[in-house]
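Numbering (our numbering), first residue to last: 807 to 991. We treat Cβ as the ideally placed atom computed from N, Cα and C, and that holds for glycine.
In structure tokens:
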């Protein structure tokens with residue numbers, strides 16, 4: 807079960823990010839593969855707001871967490887990136903294995919629909935900037951509110967948006983149309 811830490815309260819109606827920490831590959835500390843006890847911390851733009859995974863005690867240098875973390879989008883929307891840190895619990899305390907910066911633009915905005923599931927992999931860098939493994943994750947954005955287009959479409963009695971292929975040779979694009987009702991026509 808993921809642990810959440812925050813210095814402020816969150817709103818349940820805010821858009822959220824569902825990030826599933828899938829696995830790690832080739833994790834090392836001091837050029838030696840780790841044997842066990844890896845976990846992940848995901849931070850937004852505030853150092854006081856973060857989520858953690860459980861400790862993987864069996865995966866060694868290739869841990870599997872498959873653990874979903876939920877973050878409020880307003881906390882990260884103004885940030886350029888989320889920070890994903892992989893740590894290892896040792897006898898002398900927790901040690902940082904590596905860090906990856908996950909740009910919010912990699913999974914938010916653009917032409918993909920909300921709830922689109924992005925599978926992403928990032929290179930981890932240790933405190934000296936050296937390559938130190940890979941983190942695999944999936945991310946999707948969710949919101950509790952409907953978009954303006956969906957709201958106006960629903961208010962006009964239409965339950966769907968009509969789309970047609972764009973161009974003769976470019977069948978990968980779709981043009982969408984929204985009905986506009988006006989008293990002047």
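Whole angstroms is fine: what's the gap from residue i's alpha carbon to residue j's?
i: residue 813; j: residue 824; result: In this prediction, residue 813 scores a pLDDT of 39, lower than 50, which makes its location untrustworthy; no coordinate-derived value is stated.
i: residue 878; j: residue 822; result: 4 Å
i: residue 906; j: residue 932; result: 9 Å
i: residue 917; j: residue 834; result: 37 Å
i: residue 919; j: residue 929; result: 26 Å
i: residue 948; j: residue 926; result: 17 Å
i: residue 887; j: residue 849; result: 9 Å
i: residue 895; j: residue 864; result: 13 Å
i: residue 897; j: residue 921; result: 41 Å
i: residue 911; j: residue 923; result: 14 Å
i: residue 901; j: residue 944; result: 24 Å
i: residue 856; j: residue 915; result: 22 Å
i: residue 937; j: residue 899; result: 22 Å
Identify every residue that forms a DSSP beta bridge with residue i.
i: residue 832; result: The partner list for residue 832 (beta bridge, DSSP) is empty, contrary to what the question assumes.
i: residue 909; result: 887
i: residue 900; result: 895
Shortest alpha-carbon distance to residue i belongs to which of the options?
i: residue 875; options: 895, 858, 888; result: 858
i: residue 862; options: 855, 893, 849, 889; result: 893
i: residue 935; options: 826, 836, 925; result: 836
i: residue 891; options: 903, 897, 898; result: 903
i: residue 871; options: 947, 942, 913, 918; result: 942
i: residue 831; options: 939, 864, 845, 908; result: 939
i: residue 873; options: 827, 921, 944, 845; result: 827
i: residue 913; options: 864, 888, 946; result: 946
i: residue 860; options: 845, 854, 829; result: 845
i: residue 869; options: 841, 829, 854; result: 829
Check for me: the beta strand (DSSP E) holding residue i runs from which residue to which?
i: residue 864; result: From DSSP, residue 864 is part of no beta strand (DSSP E); its letter is neither H nor E.
i: residue 927; result: 924-931
i: residue 844; result: 844-849
i: residue 942; result: 937-948
i: residue 858; result: 856-858
By the 10 Å Cβ neighbour count, where 16 or more other Cβ atoms means buried, how is residue i classified, buried or exposed?
i: residue 839; result: exposed
i: residue 843; result: buried
i: residue 847; result: buried
i: residue 909; result: exposed
i: residue 867; result: buried
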